[in-house]
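Structure first, then comments.
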Amino acid sequence: MWDRLLTDCHIATMDPQIPGPFGAIEDGAIGIQDGRIVRVGRRIDLAGYRAARVEPLGGAWVTPGLIDCHTHLIFGGNRSAEFEQRLNGASYEEIARGGGGIVSSVKATRFASLDELVEQARPRLRALMNGGVTTVEIKSGYGLDLLSEMKMLEAARALGESESVRVVPTLLALHALPPEHKGSRDAFVRLAVDEMVPAAAEAGLATAVDAYCEGIGFSVDEVRELFEAAEEHGLRVKLHAEQLSNLQGAALAAEFGALSADHLEHADEAGVGAMARAGMVAVLLPGAFYALRETRKPPVDLLRRHGVPMAVATDCNPGTSPTLSATLMLSMACTLFGLTPEEALAGMTVNAARALGLEKEVGTVSTGKAADLCVWRVSRPAELCYWIGHPGPERRIVAGVDH
Ligand code: DI6
Ligand code: FE
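Here the sequence shown is numbered in the numbering used here, starting from 2 and rising by one per residue.
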């Protein structure tokens, strides 16, 4: 006998093996046992099964739990003053070069204790969860010395252990040059390569390594050194690439079999082709595009043509994407970048799972996967993208349990 049978529902499985938009099964049912999905199908086909709890959902739509595969959720302070500076005409790059930007979050993050970081991030995490997120990636990158980076990764772990959400931690080792390394770039890169990567790997505090490959960030050669260290220590890589300029970061990431390249507003066909051959995911971040009032969009048509799967994420961060709404990103992915609602939802489910290397575990409503589900009171799945920030699911289920 199963633990639960969700019935009288429509299911946007997002499973590419199920034909039709959203891999939808109308008038469906889902069997759950030990936190996993044991059967998905039409209600009549599951009618013969018994479960401890049979739960009719009154015609609601069920989707996979949303996956936010790119966030900087943990940081000290906020950057609303910088927001005001930008409204007065300063550019993001100017503020960064003037010693503000990422570096100002670094100061506040270093100053905060581990517990303070956790408690500052917790309401942000809960806001994401209320919007339907069941898996969230969290990057470090506002510590930028060995102990502060480890403190951030420990905060990510503590949040995952104390909240009903899967947390996937990433070491963002090369994010900005911290003030004490002005004039000693090489020494900072060595610190990241020789100390941060081994420490994060040995402590099991990160599954992947990331960097900010930009004119105001780090060069392809510097990122290459970091990725070599990651490879040596058995960590996957991913890259902030081609957001503000084109340094050919996507192609570099492809050389290392990266999980994803993220942003990509300035990516070209060579980069997109390399991503396709490497089986990478393109993570699109409409919140940052919106907040920086960018006009150059990521090359969605090229990505489609080359068959590169597109994910969508909040990029929640205090500088360029202070948003806590996954569903707002669904809307923005459609309205700002031209994704279809089906592409946008795939971007926060099946393709986001792949961007985290979790495609066997989560991301679709399929037999064998974790029972991470959202139940939405909507008439069609496209409604999730149509509302400008849908408030969130009626029920959120993680590993078979309502939260
Ligand atoms: N992700 C990042 O890491 C940078 N931009 C982005 O979209 C910088 C974030 C920040 O300004 O704190
Ligand atoms: Fe980011």
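In this text, a Cβ means the ideal position worked out from N, Cα and C, and glycines have one as well.
As the structure is a computational prediction, the values presented were derived from the model and not from experiment.
Subject >> Segments assigned beta strand (DSSP E), at least 3 residues, entirely inside the segment 225 to 278 >> reply: Listed in chain order, they are 240 to 242 and 261 to 264.
Subject >> Nearest candidate by alpha-carbon position, reference G390, set T324, D403 and A347 >> reply: Taking the first residue of the sequence shown as 1, we reach residue 390 at position 389. Among T324, D403 and A347, the Cα nearest to that of G390 is on T324.
Original post:
Taking 6 Å as the cut-off, is the CB of I96 close to at least one heavy atom of the ligand DI6?
Top reply: Reading the sequence shown from its first residue, position 95 is the one you call residue 96. Every heavy atom of the ligand DI6 is 6 Å or more from the Cβ of I96, so no.
**OP:** Grab the span of the alpha helix (DSSP H) containing P199 for me, first residue to last.
**Re:** Taking the sequence shown and counting its residues from 1, one reaches residue 199 at position 198. V198 to E203 is the span of the alpha helix (DSSP H), which, as asked, contains P199.
Original post:
Does the beta carbon of Q86 come closer than 7 Å to any beta carbon on chain E?
Top reply: Although the question refers to chain E, the structure presented lacks it and comprises just one protein chain.
Subject >> Beta-carbon proximity list for R51, same chain, < 6 Å, skipping 5 on both sides >> reply: Start at 1 with the first residue of the sequence shown, and residue 51 comes out as number 50. If you ignore the 5 residues before and after R51, its C-beta comes within less than 6 Å of the C-beta of M2, all in its own chain and listed in chain order.
Subject >> Beta-carbon gap between M197 and A174 smaller than 7 Å >> reply: Translated into positions along the sequence shown, residue 197 becomes position 196. Translated into positions along the sequence shown, residue 174 becomes position 173. Yes.
Original post:
So V376 and R396 are in contact, right, with Cβ under 8 Å, and what is the actual spacing, rounded?
Top reply: What you label residue 376 is simply residue 375 of the sequence shown in a count that begins at 1. What you label residue 396 is simply residue 395 of the sequence shown in a count that begins at 1. The Cβ separation is near 4 Å, so the contact holds.
**OP:** Determine the contact status of D69 and T350, defining contact as a CB-CB distance below 7 Å.
**Re:** Translated into positions along the sequence shown, residue 69 becomes position 68. Translated into positions along the sequence shown, residue 350 becomes position 349. No, they are not a contact pair.
**OP:** Verify the contact flag: T321, CB atom, against every heavy atom of the ligand DI6, threshold strictly below 6 Å.
**Re:** As a position in the sequence shown, residue 321 is number 320, starting the count at 1. Correct: T321 has its Cβ closer than 6 Å to the ligand DI6.
Original post:
Should E117 and G101 be called a contact, given that it needs their Cβ atoms to be closer than 7 Å?
Top reply: Counting from 1 along the sequence shown, the entry for residue 117 is found at position 116. Counting from 1 along the sequence shown, the entry for residue 101 is found at position 100. No; because the gap between Cβ atoms is not below 7 Å, this pair is not in contact.
Subject >> Rounded straight-line distance, which links the Cα of W62 to that of S380 >> reply: The sequence position of residue 380 within the sequence shown is 379, counting from 1. The sequence position of residue 62 within the sequence shown is 61, counting from 1. So the alpha carbons of these two residues sit roughly 7 Å apart.
Subject >> Proximity below 7 Å, CB of T72 to CB of I139 >> reply: Counting from 1 along the sequence shown, the entry for residue 72 is found at position 71. Counting from 1 along the sequence shown, the entry for residue 139 is found at position 138. In this structure, T72 sits near I139, with a CB-CB distance shorter than 7 Å.
Subject >> Alpha-carbon to alpha-carbon, E181 and L192 >> reply: Position 191 of the sequence shown, counted from the start, is the residue given in the question as residue 192. Position 180 of the sequence shown, counted from the start, is the residue given in the question as residue 181. Looking at the two C-alpha atoms, the distance is approximately 12 Å.
Original post:
Since P170 is in the beta strand (DSSP E), which residue starts that stretch and which ends it?
Top reply: Counted from its first residue, the sequence shown places residue 170 at position 169. Where P170 is concerned, the enclosing beta strand (DSSP E) starts and stops at R167 to L175.
Subject >> Check: N247 C-beta below 6 Å from any heavy atom of the ligand DI6 >> reply: On the sequence shown, residue 247 is found 246 positions in, with the first residue counted as 1. Distance from the C-beta of N247 to the nearest heavy atom of the ligand DI6 is not below 6 Å.
Subject >> Segment contact flag, the segment 119 to 129 with the segment 360 to 375, C-beta cutoff 8 Å, min 3 pairs >> reply: Flag = no, the segment 119 to 129 and the segment 360 to 375 do not touch.
Original post:
From M281 to G250, what distance separates their C-alpha atoms?
Top reply: Translated into positions along the sequence shown, residue 281 becomes position 280. Translated into positions along the sequence shown, residue 250 becomes position 249. Roughly 13 Å separates the two Cα atoms.
Subject >> Those residues which DSSP pairs with T136 across a bridge >> reply: Indexing the sequence shown from 1 puts residue 136 at position 135. Bridge partners of T136: I68 and R167.
**OP:** Sort V273, T328 and E155 by Cα distance to V168 and report the nearest one.
**Re:** Within the sequence shown, the letter at position 167 stands for residue 168. Taking only the C-alpha atoms, the option nearest V168 is E155.
Original post:
Taking C-beta to C-beta, are A345 and V313 nearer than 7 Å?
Top reply: Residue 345 sits at position 344 when you count from the first residue of the sequence shown. Residue 313 sits at position 312 when you count from the first residue of the sequence shown. Yes, the pair counts as a contact, with Cβ atoms nearer than the cut-off.
Original post:
For the ligand FE, which residues count as neighbours when the test is a C-beta closer than 6 Å to any heavy atom?
Top reply: With 6 Å as the limit, the residues whose C-beta approaches a heavy atom of the ligand FE more closely than that are H71, H73, H241, D316 and N318, in chain order.
Original post:
In whole angstroms, what is the alpha-carbon distance linking L385 and A188?
Top reply: Taking the first residue of the sequence shown as 1, we reach residue 385 at position 384. Taking the first residue of the sequence shown as 1, we reach residue 188 at position 187. It is roughly 47 Å from the alpha-carbon of L385 to the alpha-carbon of A188.
Original post:
If you measure from the CB of Y213, is any heavy atom of the ligand DI6 nearer than 6 Å?
Top reply: In the sequence shown, the residue the question calls residue 213 occupies position 212. Result yes, Cβ under 6 Å from the ligand DI6.
Original post:
Would the segment 235 to 244 and the segment 256 to 273 be scored as touching if the rule is three or more Cβ pairs under 8 Å?
Top reply: A contact exists between the segment 235 to 244 and the segment 256 to 273.
**OP:** Quick one: measure Cβ to Cβ for P57 and T14, integer angstroms, because I've assumed they're closer than 8 Å.
**Re:** On the sequence shown, position 56 is the one that residue 57 refers to. On the sequence shown, position 13 is the one that residue 14 refers to. Not a contact, Cβ separation roughly 19 Å.
**OP:** Have a look at the DSSP bridge pairing and note the partners of L374.
**Re:** Residue mapping note: residue 374 aligns to position 373 of the sequence shown, counting from 1. Paired residue(s): P65 and I398.
Original post:
For the alpha helix (DSSP H) that Y213 lies in, which residues bound it at each end?
Top reply: Here the question's residue 213 lines up with position 212 in the sequence shown. Y213 -> not in any alpha helix (DSSP H); beta strand (DSSP E) instead, spanning A209 to C214.
Original post:
Relative to the C-alpha of V402, which residue among R80, A113, E162 and V166 is closest?
Top reply: Position 401 of the sequence shown holds residue 402. Of R80, A113, E162 and V166, the residue nearest in Cα terms is V166.
**OP:** Compare the C-alpha of L145 against each of E120, A279 and V190 and name the closest.
**Re:** In the sequence shown, counting from the first residue as 1, residue 145 sits at position 144. The residue with the shortest Cα to Cα distance from L145 is V190.
Original post:
Going by the beta-carbon positions, is the gap between L359 and I398 smaller than 7 Å?
Top reply: Position 358 of the sequence shown, counted from the start, is the residue given in the question as residue 359. Position 397 of the sequence shown, counted from the start, is the residue given in the question as residue 398. Going by C-beta atoms, L359 is not nearer than 7 Å to I398.
Subject >> Three-state secondary structure assigned by DSSP to N89 >> reply: Mapped onto the sequence shown, residue 89 falls at position 88. Correct three-state label for N89: coil.
**OP:** Consult DSSP for T318 and reduce its assignment to one of helix, strand or coil.
**Re:** Position 317 of the sequence shown, counted from the start, is the residue given in the question as residue 318. Residue 318 is actually Asn in this sequence, not Thr. Three-state DSSP puts N318 in a strand.
**OP:** Could you tell me if D35 is buried or exposed, where buried requires 16 or more neighbouring beta carbons within 10 angstroms of its beta carbon?
**Re:** Here the question's residue 35 lines up with position 34 in the sequence shown. Counting Cβ neighbours within 10 Å, D35 comes out exposed, since fewer than 16 surround it.
**OP:** Please state whether DSSP places D9 in a helix, a strand or coil.
**Re:** Here residue 9 refers to the residue found at position 8 of the sequence shown. If DSSP states are grouped into helix, strand and coil, D9 belongs with the strands.
Original post:
When the distance is taken between beta carbons, is L265 closer than 7 Å to L221?
Top reply: Mapped onto the sequence shown, residue 221 falls at position 220. Mapped onto the sequence shown, residue 265 falls at position 264. The sequence shown places Val at residue 221, rather than the Leu named in the question. In this structure, the beta-carbon distance from V221 to L265 does not fall below 7 Å.
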